[in-house]
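What follows is a set of notes on a single structure, which appears directly below.
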Amino acid sequence: MNRDTVLWGALLLPPVIWFLSMETNFALAPWACAFGWKFAMFVVSGISFALNAGLALAAWSQWKSLGQNWPGDEGGAIPRAGIMAILGMMIAGMACLVTLAQAVPEIMMGACQ
Amino acid sequence: MIQKTLDVSELPPFSVSNDDPLWWGQMLMGVIEVMLFAIMIAMYFYIRLSVDMWPLPGDQLPHKLLPTLALVPLALSFPAAWVASEGAKQDNRGKMLAGLGLNLALAGAFLAMRIVEWHSFNFEWKADIFGSVTWTILGLHTADIIGDMGFTLVLFVIVLTGKYAQKQRLGVHVDSIVWYLVAGAWFPMYVVIYWGPTLVGAPR
Amino acid sequence: MSGWRKGIPGGMLAAGVLSTACAGHQQSALDSAGTQADRIESLWWFFLAVLSAVFVIVIATLLVSLTRGHRGVNQEPLERTHVPSEETERNLGRTVGVATGVTIIILFVLLVASIGTGKELSEIGGKQNSLIVEVTGNQWWWNIRYLSEEPSEILTTANEIHIPVGRPVMIRGLSQDVIHSFWVPNLHGKRDLIPSRVTTEWIEADHPGRWRGQCAEFCGLQHAHMALWVVAETEPQFEAWRHAQLQPAAAPQDADTQRGQQVFLNSACVLCHTIRGTSAAGSVAPDLTHVGSRLTIAAGTLPNTKGNIAGWIADPQRIKPGNHMAVVPVKSEDLQPLADYLESLK
Amino acid sequence: MTPIIEAPGETVDPRAGTNEEHRKKLERAWSRPGRIFGFFTATTHTAIGMRYIITAFAFFLAGGIEALLMRTQLAFSNNHFLSADRYNQIFTTHGTTMMFLFAVPMMEGMAVYLVPLMLGTRNVAFPRLNAFGYYMFLFGGLLLYAGVLTNTGPDVGWFAYPPLSGPQYSPGKRVDIWAQMITFTEISALCVATELIATILKMRAPRMSLNRLPLYCWSMLIQSFMVIFAMPAVMVASTIMLLLDRTVATHFVNPAAGGDPLLYQHVFWFFGHPEVYIIFIPALGFVSSIVEAHTRRGVFGYPAMVLALAGTAFIGFGLWVHHMFATGLPQIGESFFTAASMMIAITSGIQIFCWLATIWTGRVRMHTPMYFVLGFIFIFVMGGLTGVMLASVPLDWQVHDTFFVVAHFHYVLIGGAVFPLFGAFHYWYPKMTGRMMNETLGKIEFWILFIGFNMTFFPMHILGLKGMTRRIYTYPPEMGWDNANALATVGAYIIAIGGILFIANVLSSRKTGAPAGRNPWDAGTLEWAADSPPPPYNFEYLPVAAGRYTMWAPAEARAVVTGMRDDRREVLVTSIMDAEPQHRLVLPGSSFWPFLTALLVGGGFVGTVFGFNWYYPTAVAAGVGLIGWFWPKAPRDLRP
Ligand code: HEA
Ligand code: HEA
Ligand code: CUA
Ligand SMILES: [Cu+2]
């Protein structure tokens, strides 16, 4: 797994993972009420959170290996990779945050309300 | 007063490869089509889940034989497109013709089998929602296949006349991308339309 | 740039606010008369307080940033370098980070408050002793049916709902044609009425009164004139009303109203309207059995008076252009008796 | 700051000869054949971009006139200025025009004009596609207005919910015209999105690595991806579900046959919510550009700004059900969308905070564009905060489909997109015309627009809370809504005055504005290295990037590209991440085929309004057009 793959992965995968988990939970809602499958929602959210957290960590470790500098606008592959790593961390982090926010209704609301 | 220069005269004035922006143009067009299909498939499931029986009473589930057989020429059309695309990169007219021609023939076979299959449907698009969504998905996908075949045919003719240059070779090279996406999208859709009702069960 | 000039729009806003704030409290989400509307109104004030504070802070920061003297930063030769010092950037980074963190916290607080209120709303209602009122949206009127297990207790009326104070009432929403939306803001938020679906919401008035509601989903030409009234009354009053509504239509008492009934029964009216107790059994228009008892006619468009009824019958298209009541030719000498008859159906 | 190239007689590139010879050859390569034929065959991005901008502005005026007509009708209770049918057509056309014919095409047009300049290249990646997209947009708009002017304008709201918009309740051609107009504008947007992505990824100035990409280009890159993913949904909703139900009796949304009206809502809003961010995100790019030039520093927190754009874009695809909170879906499901809608406030907040930080530490110059940025911050933040209110399900249950929502979206649309747009007009007008706009008039415009806007739309928040629903052609006097509505109407006319002043400023400054030169604002991005207005080839020598703000870099650090042929339309293709030069590319020149194809395909689509079978000749026509388009011309010279 070379660096560019990890960088692009952390940048592009988190939104997809979050979207799929959100849609799955949304589709599950009527069934959660009818069959009491609310725990399934937690599983889906948990997996999504874990995957995105993993991607954030992967991006972070890339950033560390690049020197952990806050990239400016210098030319060259290192600062450019640095910014991709930071963006990857932040996007994956954002996806985790949204999944967390969406867990609030899962926790608070009953399935049939 | 200019200080520095970056000379690019050594660079070629074209590149029949995935570096050319046209690769992105084709890729994005393919993504648009795939998005269209993805939404239609999501719709298919939404509609299916809003009724109890699927197919609706009176509708016969389309027979699986012909569409399954049709997957064979479709699958074979992929390496054909690849041959054409490689031929374009290598500036090999024979390869291009072979690839494009074979791709067209196989796609044509797929199309023919599909049209034959349609005659066996016992429901129209205006009969009910099962008919509407099934016919619409098939119609849309077929329109895309025909459109792509049209492009491929034009390229084939151009290569046949021999009057092509780097630009047209680039066209042959990137033509395959949309084919991969549009034809490739058929495989999951095939599973949904022909196997979905059987696998996921009829009454809910 | 002088700060006072930014106050001009503020003054205009105040003018706008005051000119509407002093208006009546009908059809207002800010004058709750029911349990549900009350919860939502509380949530509203909470959100307004928090978000107004955020707004004030953001704008204040903006104004200060424009007028401050850039002490310290003044030394940075931005015209030449276009890059502030690393220290400045670090400080900014910290501030922006903190602001973002605070934003996240505020949003989670608002989220929890909102979900909490939603949860509360779904827990009110469904209790014992509830009433079920089925509301069917039509272009451009409301068909109302009080449901019951006893067929003889099922009540049909139009455009006006009576409910007993303090009892939870389930509004069961359907639609006959296009999407409508049932909304009585003083009592609760709205619920769309969607053809081929059933939607539900619970309302519960906490004191007697009458409140106007209006269709809140564009449903065609006369969407603007699809209003309704909800009347909350004490339990005995409600029972009296319900009992009266269940009776067939009052027989006409004098020659004038008898003539009116004859005109009605001999006109096209019977093709669309029902008057229970007579031969009129049309089902595509409001039930007129007790039309005289209603506050308004034509779905809240006109007050219910003899003159208005007559005017409506004479030319419904003038009052609600495009509505689905045909212009039935009624001889001018028949018009008043007809109106009198309908008005007598209390 | 000294421009890169000075002396005509000098030789920068031995292959190209002296600067004068070089310029002449470029001019010839990039010229158009004649005036009339040249007009219909133009493929330079500045020409097409300018057409988008002017056409979209014309539609803005049309939408504005519709707004004034509506406001006149609503000025007091029981007014008879407009009949119910007329009002319903006008509010539908106002919304449709503003969203589909003004906002999106204007943002696309500005990008088509600015992005190649900002990237330091000569044209977009697919010049003929660019022209085709413009003509499709124009024809779509003409289709809609042909309907409007013949009393066949759509009257079902800008999102046309079935069953009201279905065959049973909306007979006739009104809705069909609406649905096919969407096809035109959607194709146009997809064309621009495709070429912008290809251009931004593959045709940047050498060494303009991703961490040096201007924020406006990030905006357009991200927005273009949103267009690619969102537009197919509106095609499914309008052209497939609605139009097929209406023309060939399918049953997608026909409740009588098991169809579900909510399905339409899901698919439409899956497009509809991203659509509003598609309009908004380019404006954020404008704001960054203007702020940078007016604070003499780069926007603070570049990575955070990029994250905010990307975050808004991706979270934006997960909000759509917040338009459907009143439809009775399970609350737990609806609440997911509340959560996501609130989280998206974080990304907007980050942007606001970074701009505030920039202004706080910058050397602020208060020119007209900056006024519009400040107006944007005031109005958009208020609009965004009311959006957060709407995100709450219980609150939305009260104010959904009332004027509170109308207030919210006009605040975010006008504050969040139109104000930055007007700032952008004032900011880039010197580049586009070579002259400065009148500063005093500009500031007056701003204040009139700002005051008029708040006067019109602030009272609507109260009106909504006080029960005034949307889309009503009149209201009774006893509701007490008269005063606020009258105030709003007066405000609308004041906005119109501001608009007229703006037009006057634009027209008079063409003649009397001070000559601008290349970089009147002393801004940092590459479009300011070209002449004002840019010649058809943009730059005599393509610039090499020297940081995020090449124009602020010291002269020693700046470079230009040499070794390209100037006697044909040649551009440079660079790598995606680091913008290393990969190969040169010869772009097509002027061509009649885009116009012809658009005419044929457009004509065919107009036909489909009258019958489904028109799709077949349309396909044939498209085929003919495309063959002509791509057929190889006489030996194309591709020697190095
Ligand atoms: C430019 C277009 C634009 C933009 C950017 C937005 C932005 C937002 N919108 Fe809006 N919206 C529309 C255009 C837009 N909207 C349109 C056209 C409609 C109606 C369509 C129709 O029905 O016709 C609509 C309708 C609409 C609804 C449906 C209402 C209804 O019909 O009942 C909702 C509900 O959630 C909503 C929410 C939001 C939210 C949460 C944001 C957020 O993105 C806003 C985020 C921004 C901020 C919050 C301000 C800046 C942030 C800070 C200063 C940080 C601090 C803040 C906090 C601590 C909160 N919008
Ligand atoms: C970008 C989007 C945009 C913009 C800029 C506007 C701008 C305005 N809008 Fe609009 N509006 C919408 C998008 C927009 N609107 C949408 C999507 C809807 C929902 C539609 C629906 O419900 O389906 C809506 C609905 C809507 C309503 C609600 C209608 C209803 O529910 O019944 C109202 C009511 O006041 C309104 C008013 C206005 C006003 C006064 C302006 C003003 O800002 C307009 C400013 C005026 C001008 C720009 C004209 C200026 C110039 C001239 C007059 C000179 C002409 C000169 C020549 C021809 C030479 N709008
Ligand atoms: Cu019924 Cu609007
Ligand atoms: Cu939205």
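Chains as they are written, first to last, in the numbering used here: chain A, 1 to 113; chain B, 1001 to 1204; chain C, 2001 to 2346; chain D, 3001 to 3640.
Heads up, the beta-carbon is just placed ideally off N, CA and C, and yes, glycines get one too.
According to DSSP, is residue i part of a helix, a strand, or is it coil?
{"i": "residue 3582 (chain D)", "result": "strand"}
{"i": "residue 2259 (chain C)", "result": "helix"}
{"i": "residue 1994 (chain C)", "result": "As displayed, chain C neither begins before 2001 nor continues past 2346, which places residue 1994 (chain C) out of reach and without an answer."}
{"i": "residue 90 (chain A)", "result": "helix"}
{"i": "residue 1008 (chain B)", "result": "coil"}
{"i": "residue 2180 (chain C)", "result": "strand"}
{"i": "residue 3445 (chain D)", "result": "helix"}
{"i": "residue 2192 (chain C)", "result": "strand"}
{"i": "residue 3188 (chain D)", "result": "helix"}
{"i": "residue 2 (chain A)", "result": "coil"}
{"i": "residue 2343 (chain C)", "result": "helix"}
{"i": "residue 3023 (chain D)", "result": "helix"}
{"i": "residue 2084 (chain C)", "result": "coil"}
Around the Cβ of residue i, are there at least 16 other Cβ atoms within 10 angstroms (buried) or fewer (exposed)?
{"i": "residue 2022 (chain C)", "result": "Here the model assigns residue 2022 (chain C) a pLDDT of 42, short of 50, so the residue's position is not dependable, and the following value carries that caveat. When all chains shown are included, residue 2022 (chain C) counts as exposed."}
{"i": "residue 1065 (chain B)", "result": "exposed"}
{"i": "residue 3155 (chain D)", "result": "buried"}
{"i": "residue 1148 (chain B)", "result": "buried"}
{"i": "residue 3360 (chain D)", "result": "buried"}
{"i": "residue 2254 (chain C)", "result": "exposed"}
{"i": "residue 3012 (chain D)", "result": "buried"}
Where does the unbroken alpha helix (DSSP H) through residue i begin, and where does it stop?
{"i": "residue 3084 (chain D)", "result": "3084 to 3096"}
{"i": "residue 3389 (chain D)", "result": "3368 to 3391"}
{"i": "residue 3495 (chain D)", "result": "3482 to 3512"}
{"i": "residue 3519 (chain D)", "result": "First-last for residue 3519 (chain D): undefined, no H or E at that position."}
{"i": "residue 1174 (chain B)", "result": "1166 to 1190"}
{"i": "residue 70 (chain A)", "result": "Run containing residue 70 (chain A): none; DSSP gives neither H nor E here."}
{"i": "residue 39 (chain A)", "result": "38 to 65"}
{"i": "residue 2056 (chain C)", "result": "2035 to 2067"}
{"i": "residue 3437 (chain D)", "result": "Residue 3437 (chain D) -> no alpha helix (DSSP H), and no H or E assigned at all."}
{"i": "residue 2269 (chain C)", "result": "2269 to 2272"}
{"i": "residue 3217 (chain D)", "result": "3215 to 3234"}
{"i": "residue 2251 (chain C)", "result": "Looking at the DSSP string, residue 2251 (chain C) is not in any alpha helix (DSSP H), and its letter there is neither H nor E."}
Which partner residues does residue i have in the DSSP bridge list?
{"i": "residue 2160 (chain C)", "result": "C:2229"}
{"i": "residue 2202 (chain C)", "result": "C:2170"}
{"i": "residue 2133 (chain C)", "result": "C:2146, C:2171"}
{"i": "residue 3469 (chain D)", "result": "D:3402"}
{"i": "residue 2138 (chain C)", "result": "C:2141"}
Going by Cα to Cα distance, which pick from the options is closest to residue i?
{"i": "residue 86 (chain A)", "options": "D:3353, D:3104, D:3304", "result": "D:3304"}
{"i": "residue 3560 (chain D)", "options": "D:3113, D:3031, D:3014, D:3206", "result": "D:3206"}
{"i": "residue 2327 (chain C)", "options": "C:2333, C:2318, C:2334", "result": "C:2318"}
{"i": "residue 3293 (chain D)", "options": "D:3426, D:3580, D:3434, D:3485", "result": "D:3426"}
{"i": "residue 2194 (chain C)", "options": "C:2210, C:2145, C:2233, C:2139", "result": "C:2139"}
{"i": "residue 3465 (chain D)", "options": "D:3399, D:3619, D:3503", "result": "D:3399"}
Kindly indicate the opening and closing residues of the beta strand (DSSP E) around residue i.
{"i": "residue 2214 (chain C)", "result": "2209 to 2214"}
{"i": "residue 3571 (chain D)", "result": "3570 to 3574"}
{"i": "residue 3562 (chain D)", "result": "3559 to 3562"}
Check each residue of the segment 3396 to 3414 of chain D: if its Cβ is closer than 8 Å to any Cβ of chain F, include it; give the result in chain order.
-> The structure shown contains no chain F; its protein chains are A, B, C and D.
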